[in-house]
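Novice: I am attaching a structure below and will ask some questions about it afterwards.
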Amino acid sequence: MRIYEGSPRQDFEEVFRSIGGHLDALGMREVLLLETEDAFILQGLVFEGSVGTWSDAVGQVRKQTVVLHDDDLGAFMDESLAKRGTGRTDAPDSYESALRVIGRYLEEVHPRDTFLFEQGGSYVLRLLHVDQAGSRHELVEFTRDDIAQMVAQGPALRAATPPKAGSAPS
């Protein structure tokens, strides 16, 4: 989704962080994220109801698909920025923190587009790279341990990197 290219406020780290916060709010699990020319398509499992005490499933699992356009992303990012710097002490939820560090990785490698799926806290990305030599896909995998290590390194990386124009401290 190249609509945010060139904007100092919107980058992969912020976009993916805000998408992760939205996933956490939806309660979605086992997610797939597909980047198109003008949107991100999210698909995942949503658990409705609850599980009984004797392992009797009382709820249901259904697949949900959400299309996020530029206006949606802008609203999510504004909400995410508003939450930061307010003195809240709770840590980011799992998708918010995981997708933030994956977004930071994407900032370093600059893919043309991204396909991501998550299962059990591990992530596989298919990245399209386009340059003068042509185009090629790259597969990248982040295990649950990789994500935990990247999240743990985040504060040190943020301290060493000056904030981007228009962004709030995290």
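So the mapping is simple: the numbering used here equals the position in the sequence shown, first residue as 1, plus 926.
Using N, Cα and C, we set each Cβ at its ideal position, and we do this for glycine too.
What do you reckon, are the CB atoms on glycine 1047 and phenylalanine 942 nearer than 7 Å?
Specialist: Reading the sequence shown from its first residue, position 121 is the one you call residue 1047. Reading the sequence shown from its first residue, position 16 is the one you call residue 942. Not in contact: glycine 1047 and phenylalanine 942 (Cβ atoms no closer than 7 Å).
Novice: What residues are listed by DSSP as bridge partners for histidine 1063?
Specialist: Position 137 of the sequence shown, counting from 1, holds the residue named residue 1063. Answer is Leu1054.
Novice: Please list, in chain order, all residues of the same chain as valine 1027 whose beta carbon is under 7 Å from its beta carbon, the five residues on each side excluded.
Specialist: Against the sequence shown, residue 1027 aligns to sequence position 101. Cβ within range, chain order: Ile1073, Met1076, Val1077, Gly1080.
Novice: From this set, His1055, His1036, Ser1020, which residue's C-alpha is nearest tyrosine 1049's C-alpha?
Specialist: Looking up residue 1049 in the sequence shown gives position 123. Out of His1055, His1036, Ser1020, Ser1020 has the C-alpha closest to the C-alpha of tyrosine 1049.
Novice: When you compare the CB positions of glutamine 1058 and glutamate 956, do they come within less than 7 Å of one another, or not?
Specialist: For this step, residue 1058 is matched to residue 132 along the sequence shown. For this step, residue 956 is matched to residue 30 along the sequence shown. No, the Cβ-Cβ distance between glutamine 1058 and glutamate 956 is not below 7 Å.
Novice: Which residues bound the alpha helix (DSSP H) around isoleucine 998?
Specialist: Here the question's residue 998 lines up with position 72 in the sequence shown. Reading off the sequence, residue 998 comes out as aspartate, not isoleucine. Residues 996-1009.
Novice: Please report the distance separating the alpha-carbon of glycine 1000 from that of serine 1006.
Specialist: If you number the sequence shown from 1, residue 1000 lands on position 74. If you number the sequence shown from 1, residue 1006 lands on position 80. Those two C-alpha atoms are separated by around 10 Å.
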